[in-house]
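Just so we're aligned, residue 71 is where the sequence shown starts under the working numbering, counting upward by one.
Glycine is no exception: its CB is placed at the ideal position from the N, C-alpha and C atoms.
The structure displayed is predicted, hence computed values, not measured ones.
Worksheet: one structure, shown below.
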Amino acid sequence: MKKAPQNIKFVTSFHENRPVTLADRSFWSKRLTGEEEQILQVASMEDLSPTVTDVITGQISAVRHILQGRVRDGQPITDEWVAKHVGKSNAEFLLSYFRTGQGLAPGDDLNLPSWGEIQIDDRTFTGRAVSYAEALRAAQRTDEHNATRLDGELARLQEAAQLQEGESIDDMLDRLRKEAMESLSRTQDAQRLGADNLAEALNTRIADEGPPVTGQWLMSVMQLQDITNLAHYLRAGEVPEEEDAHGEEDAPNAEGA
Numbered sequence: 071m072k073k074a075p076q077n078i079k080f081v082t083s084f085h086e087n088r089p090v091t092l093a094d095r096s097f098w099s100k101r102l103t104g105e106e107e108q109i110l111q112v113a114s115m116e117d118l119s120p121t122v123t124d125v126i127t128g129q130i131s132a133v134r135h136i137l138q139g140r141v142r143d144g145q146p147i148t149d150e151w152v153a154k155h156v157g158k159s160n161a162e163f164l165l166s167y168f169r170t171g172q173g174l175a176p177g178d179d180l181n182l183p184s185w186g187e188i189q190i191d192d193r194t195f196t197g198r199a200v201s202y203a204e205a206l207r208a209a210q211r212t213d214e215h216n217a218t219r220l221d222g223e224l225a226r227l228q229e230a231a232q233l234q235e236g237e238s239i240d241d242m243l244d245r246l247r248k249e250a251m252e253s254l255s256r257t258q259d260a261q262r263l264g265a266d267n268l269a270e271a272l273n274t275r276i277a278d279e280g281p282p283v284t285g286q287w288l289m290s291v292m293q294l295q296d297i298t299n300l301a302h303y304l305r306a307g308e309v310p311e312e313e314d315a316h317g318e319e320d321a322p323n324a325e326g327a
């Protein structure tokens, strides 16, 4: 039997004297405590919130608490400051670093990353990651749209598919087709809103001398799935994997950087 060590020391500060930089502030890099892990557990439950706005707001609050416990000058860290300088991409990284102490080379910082250039048609944009502030603005517009237009979409279609008393099959089908067309119109409105949100983000990332772009322009030069993938890329730095029913290895309109 292997002999147990006589002395075991548990610490959360094994690398706390190492300063790390995020934007214009400096922080100690001590490990996450049990109390902080519980705060993150509560924040993760915000993913079940009815609106995207609530999800992002919960994430901002949790990151603010984590950073406040490490700021070197002791001055307050506000939700507004976190929203400006932190997003999904570097929040996940900094929490992983504070949890393990690994992944950050000497001299590196915790700032929002940039993943190179993005080419769309004849335009060029920087690949700077989206901040929580940008994501929150888009989420607020999306939540407002969903609350007024898309709430209960499936329920409406299911109700339309029910044969009402005294109604003929043809009448029910006509009513169902009408509801389906209205549902499609609402879905397309949401797709256009997604393109508008992406255009707003891209307009702060223009790398050429061209004019601002619009959601309508994006819809004219990109596929719907490409718009969704690019929005995800700016948040997380990766494109979601898609199942290819035909077995091709590469998407037909995607070019690797």
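- In its chain, beyond the 5 residues on either side, L206, A209, Q210 and D213 have a beta carbon closer than 7 Å to the beta carbon of T123.
- Contact between R275 and F168 does not hold, since the beta-carbon distance rounds to 28 Å and is not under 8 Å.
- According to DSSP, residue pairing for S184 in a beta bridge involves R198.
- Three or more beta-carbon pairs drawn from the stretch 176-192 and the stretch 88-98 are found closer than 8 Å, and the two stretches are therefore classed as touching.
- With respect to the C-alpha of Q129, the residue from L165, P281 and G285 having the closest C-alpha is L165.
- Around the Cβ of E106, a 10 Å sphere holds 16 or more other Cβ atoms; the residue is buried.
- Residue state for V283 is assigned as coil, using DSSP reduced to three classes.
- Each residue's CA atom was taken as its position, placing Q172 and D117 some 26 Å apart.
- DSSP places T91 in the uninterrupted beta strand (DSSP E) bounded by P89 to L92.
- Under the DSSP definition of a beta bridge, F97 partners with V90 and V141.
- For the pair N273 and G285, the Cα-to-Cα distance works out to about 11 Å.
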